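Participant: Take a look at this one; I'll ask things after.
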Amino acid sequence: MDPEIQKMREVVLVYLDRSGGLQKFVHDCKKYNDSKQSYAVYRFIISINPSDIAELDATLGNYILHNPLQAAQIFQSVCFIAIKTLSLIEQLQTEAQISISLKPTHLPPLPSYVLSLSAYPFNYTSQRFYMSEGIVIAMGTVTKYTQGARFLCTEETCPFSEGFRCIRVHCPGATESATVRTDFVCSLCSSPLQEDMKFRVLGDKQIVEMIDAEILNALKGYSSDKSHFRIQTFTVFLRDELANKMTIGNHYRIIGIPACVQNGLQATACIEVNSVQLYKPNGPSFVSDNFKYLLSLTSSSCWGFTAVLANIFASQVVPPGTYNTLKLAILLSLVQTCEKENADYLDLLIVTSDTLVIDRLLNYSLCLLPRGIRHPPSSEIFPSVSKDKHGTGSASIQACSAVLAKGGICYIGDLCSYKKDKLELLQSVLESRTTTVFIPGKKYGEEADQQVTISVQTNFWSFVDTDSSSKKHTQKENFLIGQMDMSLIPVNLVDGFGLLIYNEFPSCHLSSPLVHHILKKAINPEAMMYKVSQQFRTQDYEEFILFARNLHVELSSEAEDLIQGYYLASRRLRRDSIHGSTLSASALKILISLSKAHTKLSLRQTVLEEDAVIAILLFESSLTLKHGTSALCVAPNPVFPFDLNDENTLQQRDIYLMQYHHQLLKFIAAYGPGIHINTNEE
Numbered sequence: 001m002d003p004e005i006q007k008m009r010e011v012v013l014v015y016l017d018r019s020g021g022l023q024k025f026v027h028d029c030k031k032y033n034d035s036k037q038s039y040a041v042y043r044f045i046i047s048i049n050p051s052d053i054a055e056l057d058a059t060l061g062n063y064i065l066h067n068p069l070q071a072a073q074i075f076q077s078v079c080f081i082a083i084k085t086l087s088l089i090e091q092l093q094t095e096a097q098i099s100i101s102l103k104p105t106h107l108p109p110l111p112s113y114v115l116s117l118s119a120y121p122f123n124y125t126s127q128r129f130y131m132s133e134g135i136v137i138a139m140g141t142v143t144k145y146t147q148g149a150r151f152l153c154t155e156e157t158c159p160f161s162e163g164f165r166c167i168r169v170h171c172p173g174a175t176e177s178a179t180v181r182t183d184f185v186c187s188l189c190s191s192p193l194q195e196d197m198k199f200r201v202l203g204d205k206q207i208v209e210m211i212d213a214e215i216l217n218a219l220k221g222y223s224s225d226k227s228h229f230r231i232q233t234f235t236v237f238l239r240d241e242l243a244n245k246m247t248i249g250n251h252y253r254i255i256g257i258p259a260c261v262q263n264g265l266q267a268t269a270c271i272e273v274n275s276v277q278l279y280k281p282n283g284p285s286f287v288s289d290n291f292k293y294l295l296s297l298t299s300s301s302c303w304g305f306t307a308v309l310a311n312i313f314a315s316q317v318v319p320p321g322t323y324n325t326l327k328l329a330i331l332l333s334l335v336q337t338c339e340k341e342n343a344d345y346l347d348l349l350i351v352t353s354d355t356l357v358i359d360r361l362l363n364y365s366l367c368l369l370p371r372g373i374r375h376p377p378s379s380e381i382f383p384s385v386s387k388d389k390h391g392t393g394s395a396s397i398q399a400c401s402a403v404l405a406k407g408g409i410c411y412i413g414d415l416c417s418y419k420k421d422k423l424e425l426l427q428s429v430l431e432s433r434t435t436t437v438f439i440p441g442k443k444y445g446e447e448a449d450q451q452v453t454i455s456v457q458t459n460f461w462s463f464v465d466t467d468s469s470s471k472k473h474t475q476k477e478n479f480l481i482g483q484m485d486m487s488l489i490p491v492n493l494v495d496g497f498g499l500l501i502y503n504e505f506p507s508c509h510l511s512s513p514l515v516h517h518i519l520k521k522a523i524n525p526e527a528m529m530y531k532v533s534q535q536f537r538t539q540d541y542e543e544f545i546l547f548a549r550n551l552h553v554e555l556s557s558e559a560e561d562l563i564q565g566y567y568l569a570s571r572r573l574r575r576d577s578i579h580g581s582t583l584s585a586s587a588l589k590i591l592i593s594l595s596k597a598h599t600k601l602s603l604r605q606t607v608l609e610e611d612a613v614i615a616i617l618l619f620e621s622s623l624t625l626k627h628g629t630s631a632l633c634v635a636p637n638p639v640f641p642f643d644l645n646d647e648n649t650l651q652q653r654d655i656y657l658m659q660y661h662h663q664l665l666k667f668i669a670a671y672g673p674g675i676h677i678n679t680n681e682e
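Here you go:
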């Protein structure tokens, strides 16, 4: 025997003993032994830390990293000797019956161990471990594959006609036909081999399609990055304990062995995965100095900082001071994004006749998040089912815009451009934050039909073009004061969106600064037209949004009382004899979400009454557009009643908001009997 191999075997035994792997191995053997059943293959999972092994023996560490299939054979021989020496599995007869799956905890953080899925060429011939990462864009159903099988020689006098001498085990990248088929011959006498079906060992297999995270940049509506890059999907095989370990739309880091799978005349590059880790990038732990300075300047007011933020936001697309209410709503929606279950969502529906300007503003805002997806009209918004392209005939669930925008924004464009069935599905998703995919069993080779429920964790943005919608139907005449004609869109769908925002400028009365801005940008698209564009760059806003959205905020009792008081008073006031209360079931959730979003945008961690006031103003303005004005009687543009030009106008706005706060308390006292809210008389 090669002395180097013998030395590596000794090191393997020492490592297993020190790492606790030997104890786990003995425990796994006990399970097999207790079952009293003979298997063709006994599979063992061994977790290995490459750093620890390299410290024990550099040769073995190098062998595991660069020749994992041969390294597994060394572990196999050590495990076989241990089983026989300690009599761990009575049924085991030969070393070939042991299958070892090595699971590295990590790989060295060096470029040569990273497999780039967007780089060329795709190295699938080396048969060693690589680390890669990507987003899951398609997932197949779990099917069976052959882990191992026992073959017997058909020549009765041949020693291989009995026992467990001819064992075939699945190898990374191998197809089913490489493990079991009818044309194998005996290595001893060249007679045909025949499988003993009683001993076939089956395992779970799932085929997943992943793609480089760079795809997110390609799916954004607007980007300052003009570089070109090549992206293709790649196939990932999840086997046994890793099946169903991935969720569609999530970003994962994987360690595995690349291979090439032949399917007829078509060859597919793939990765046999050994370990899966959910990838969660850390957000920035700071905001820029200019934002810190602005926060200190406006520290005397709970409303000043967010007012200035909205005023100067997106100055690369629209002039400062325009579309302030819409820009504030956009910022609130941006910071209210995360990938947590039961998160606070904030969807926006904008009513406008300036679709070009609004589209540019929303496209620009998408790029401030890692996952801002502009939905292409030619594809599906929600997941769909298709036949697996690898020849298995099983179903494959395809991720679409809403799933890829997980933890971000899905901008779906003009709502009026979608057919009735799509709008009904959107309404269902807005209400439940889930979508269900139906998989007919007969079509995809399954015994029974399946229903797969997929979580949709994203905010939706959309707009309604008032010019085009007015041409498609006859407008109503019996409107209430402040109400807009939204009859083209189902009422429940409009209620599904958290905020309904009306564009401040009609298309026939565009402001002079906006016209000037559009003309200058048309002549020189790269021009920095305003000083604030240099002081508060797009990158600064990206860092600010990522920092603010990760803040954990708590609702104060004062803010909670104000929100509940307004909600109950509005439910009692906004009623009709047919439908009861016109407030949607999600109204209270939306109010809390708006309040928390304003707190995050203010870089605070406790929701104050002042945050609730802004939330109520925005929500009441939205209700007025849907159902007409109420006794609370807010102005058409209540959050920004006048232009913000200097510090004096900011103070005037604060006085206006304080007056509205007092008016709100009177409204709650009048229409919310039994509700007591403490007020500070000044």
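Heads up: the sequence shown at position 173 corresponds to 173 in UniProt numbering, and the numbers run straight through without jumps. Cβ coordinates follow ideal geometry from the N, Cα and C atoms, glycine included. Just so it is clear, the structure is predicted and the values come from calculations on it, not from any experiment.
1. Alpha carbons only, please: which of Asn244, Cys260, Tyr279, Ala243 is nearest the one belonging to Asn250?
2. Assuming Gly445 contacts Ser396 (C-beta within less than 8 Å), just tell me the rounded distance between them.
3. Are Leu415 and Val456 touching if we call contact CB-CB under 9 Å?
4. Going by the DSSP bridge assignment, what does Ser384 pair with across the sheet?
5. For Glu595, count neighbouring C-beta atoms within 10 Å of its own C-beta (all shown protein chains included) and say buried if the count is 16 or more, exposed if not.
6. Distance, Cα to Cα, Leu294 vs Leu618?
7. Taking Lys30 as the reference, which of Ser126, Ala40, Ser19, Phe44 has the closest Cα?
8. Give me whichever residues DSSP pairs with Gln206 in a beta bridge.
9. Does the Cβ-Cβ distance between Ser584 and Leu632 come in under 9 Å?
10. From Leu238 to Leu188, what does the alpha carbon distance come to, in whole angstroms?
11. What span of residues does the beta strand (DSSP E) with Arg43 cover, start to end?
12. For Ala635, which residues of its own chain have a beta-carbon under 7 Å away from its beta-carbon, when the five flanking residues on both sides are left out?
13. Is the stretch 132-143 touching the stretch 15-35 in the sense that three or more CB pairs, one from each, lie closer than 8 Å?
14. Residues in the same chain with beta-carbon distance under 8 Å from Ser191, minus the five sequence neighbours each way, listed in chain order, please.
15. Does the Cβ of Cys260 have 16 or more other Cβ atoms within 10 Å, making it buried, or fewer, making it exposed?
16. Buried or exposed, going by whether 16 or more other CB atoms sit within 10 Å of the CB of Lys7?
17. So for Gly256, helix, strand or coil by DSSP?
18. What residue ranges within the stretch 313-343 form continuous alpha helix (DSSP H) runs of no fewer than 4 residues, ordered along the chain?
19. Check whether the stretch 550-564 and the stretch 600-611 touch, using three or more Cβ-Cβ pairs below 8 Å as the test.
20. Is it the case that the Cβ atoms of Ser99 and Tyr145 are separated by a distance below 9 Å?
21. With Gly21 as the anchor, note down where its alpha helix (DSSP H) starts and where it stops.
22. Within 10 Å of its beta-carbon, does Ser602 have 16 or more other beta-carbons around it, so buried, or fewer, so exposed?
23. Can you tell which of Leu623, Ile668, Ile614 has its C-alpha closest to the C-alpha of His657?
24. So, for Asn478: in the same chain, excluding its five sequence neighbours on each side, which residues have a beta-carbon less than 7 Å away from its beta-carbon?
25. How big is the Cα-Cα spacing for Tyr113 and Val273?
26. Kindly indicate which residue of Asp344, Leu573, Lys389, Lys387 has the alpha-carbon position closest to the one of Asn459.
27. Suppose you measure from the CA of residue 758 to the CA of Gly628; what does that come to, to the nearest Å?
28. So what's Arg374 in DSSP terms, helix, strand or just coil?
29. What span of residues does the beta strand (DSSP E) with Gly148 cover, start to end?
30. Report the CB separation of Leu334 from Leu361 in whole angstroms; it is logged as a contact under 8 Å.
31. Could you tell me the distance, in whole angstroms, from the CA atom of Lys84 to the CA atom of Val429?
32. Whole angstroms is fine: what's the gap from Tyr567's alpha carbon to Ala405's?
33. I'd like the span of the beta strand (DSSP E) that includes Cys79, first residue to last.
34. Opposite Ala138 in the DSSP bridges: which residues?
35. Count the other CB atoms, across all protein chains shown, that sit within 10 Å of the CB of Ser462; report buried if there are 16 or more and exposed otherwise.
36. What first and last residue would you give for the beta strand (DSSP E) that runs through Ala269?
Facilitator: The structure says:
1. In the sequence shown, counting from the first residue as 1, residue 250 sits at position 250. Here the closest residue by C-alpha is Tyr279.
2. Here residue 445 is taken as the residue at index 445 of the sequence shown, counted from 1. Here residue 396 is taken as the residue at index 396 of the sequence shown, counted from 1. With a beta-carbon spacing of about 12 Å, Gly445 and Ser396 fall beyond the 8 Å limit used to define contacts.
3. Locating residue 415 in the sequence shown gives position 415, where the first residue counts as 1. Locating residue 456 in the sequence shown gives position 456, where the first residue counts as 1. In this structure, Val456 does not lie closer than 9 Å to Leu415 by Cβ.
4. Here residue 384 is taken as the residue at index 384 of the sequence shown, counted from 1. DSSP output for Ser384 lists Gln398 as bridge partner(s).
5. Sequence index remark: in the sequence shown, residue 595 carries index 595 (1-based). The amino acid at residue 595 is misidentified as Glu; the sequence shows Ser. Counting the other Cβ atoms within 10 Å of the Cβ of Ser595 gives 16 or more, which makes it buried.
6. On the sequence shown, residue 294 is found 294 positions in, with the first residue counted as 1. On the sequence shown, residue 618 is found 618 positions in, with the first residue counted as 1. Distance between Leu294 and Leu618, taken at the CA atoms: about 24 Å.
7. Along the sequence shown, one-based indexing puts residue 30 at 30. Residue Phe44 is the option with its Cα nearest to Lys30.
8. Residue 206 sits at position 206 when you count from the first residue of the sequence shown. DSSP, once it has assigned bridges, lists Leu238 as partnering Gln206.
9. The residue given as residue 584 occupies position 584 in the sequence shown. The residue given as residue 632 occupies position 632 in the sequence shown. Cβ distance not < 9 Å, so Ser584 and Leu632 don't count as in contact.
10. Locating residue 238 in the sequence shown gives position 238, counting from the first residue. Locating residue 188 in the sequence shown gives position 188, counting from the first residue. Cα to Cα, the separation comes out at about 35 Å.
11. On the sequence shown, residue 43 is found 43 positions in, with the first residue counted as 1. Segment 42-48, the beta strand (DSSP E) holding Arg43.
12. Translated into positions along the sequence shown, residue 635 becomes position 635. If we look at Ala635 and ignore the five residues flanking it on each side, its Cβ neighbours are Pro641.
13. The answer is no - the stretch 132-143 does not touch the stretch 15-35, with fewer than three Cβ pairs under 8 Å.
14. Here residue 191 refers to the residue found at position 191 of the sequence shown. Cys153, Thr154, Glu155, Cys158, Val185, listed in sequence order.
15. Residue numbering aside, residue 260 sits at position 260 when the sequence shown is read from its first letter. Result: exposed.
16. On the sequence shown, residue 7 is found 7 positions in, with the first residue counted as 1. The residue in question, Lys7, is exposed, as its Cβ has fewer than 16 Cβ neighbours within 10 Å.
17. In the sequence shown, counting from the first residue as 1, residue 256 sits at position 256. It is a strand residue.
18. Counting only runs of 4 or more, we get 324-335.
19. Look at the beta carbons and you see the stretch 550-564 touching the stretch 600-611: at least three pairs across the two are nearer than 8 Å.
20. Indexing the sequence shown from 1 puts residue 99 at position 99. Indexing the sequence shown from 1 puts residue 145 at position 145. Taking 9 Å as the Cβ cut-off, Ser99 and Tyr145 do not qualify as a contacting pair.
21. Here the question's residue 21 lines up with position 21 in the sequence shown. Counting along the chain, Gly21 sits inside the alpha helix (DSSP H) bounded by residues 21-35.
22. Within the sequence shown, the letter at position 602 stands for residue 602. It is buried - the Cβ of Ser602 has at least 16 other Cβ atoms within 10 Å.
23. The residue you call residue 657 lines up with position 657 of the sequence shown. For the sequence presented, residue 657 should be read as Leu rather than His. When only C-alpha atoms are compared, the closest one is Ile614.
24. Translated into the one-based positions of the sequence shown, residue 478 becomes position 478. Note that Asn478 has pLDDT 49, beneath the 50 cutoff, so the model's placement of it is unreliable and no number is given.
25. In the sequence shown, the residue the question calls residue 113 occupies position 113. In the sequence shown, the residue the question calls residue 273 occupies position 273. The alpha-carbon separation between Tyr113 and Val273 amounts to approximately 14 Å.
26. As a first step, residue 459 must be located in the sequence shown, where it is residue number 459. For Asn459, the nearest C-alpha among the options comes from Asp344.
27. Outside the shown range of the chain, which is 1 to 682, sits residue 758, and nothing can be said about it.
28. What you label residue 374 is simply residue 374 of the sequence shown in a count that begins at 1. Arg374: strand per DSSP, three-state reduction.
29. The residue given as residue 148 occupies position 148 in the sequence shown. Counted as a single uninterrupted DSSP element, the beta strand (DSSP E) harbouring Gly148 occupies residues 143-153.
30. Here residue 334 is taken as the residue at index 334 of the sequence shown, counted from 1. Here residue 361 is taken as the residue at index 361 of the sequence shown, counted from 1. Rounded to the nearest angstrom, the Cβ distance from Leu334 to Leu361 is 12 Å, too far for a contact under 8 Å.
31. As a first step, residue 84 is located in the sequence shown; it is residue number 84 there, counting from the start. As a first step, residue 429 is located in the sequence shown; it is residue number 429 there, counting from the start. The alpha-carbon atoms of Lys84 and Val429 are separated by roughly 58 Å.
32. As a position in the sequence shown, residue 567 is number 567, starting the count at 1. As a position in the sequence shown, residue 405 is number 405, starting the count at 1. Between the alpha carbons of Tyr567 and Ala405 lies a gap of roughly 31 Å.
33. Position 79 of the sequence shown, counted from the start, is the residue given in the question as residue 79. That residue, Cys79, is in no beta strand (DSSP E); its alpha helix (DSSP H) goes 68-86.
34. Reading the sequence shown from its first residue, position 138 is the one you call residue 138. According to DSSP, which records beta bridges pairwise, Ala138 is partnered with Glu209, Gln398.
35. Numbered from 1 along the sequence shown, position 462 holds the residue referred to as residue 462. Around the beta-carbon of Ser462, 16 or more other beta-carbon atoms lie within 10 Å, marking it buried.
36. What you label residue 269 is simply residue 269 of the sequence shown in a count that begins at 1. From DSSP, the beta strand (DSSP E) with Ala269 extends over 266-278.
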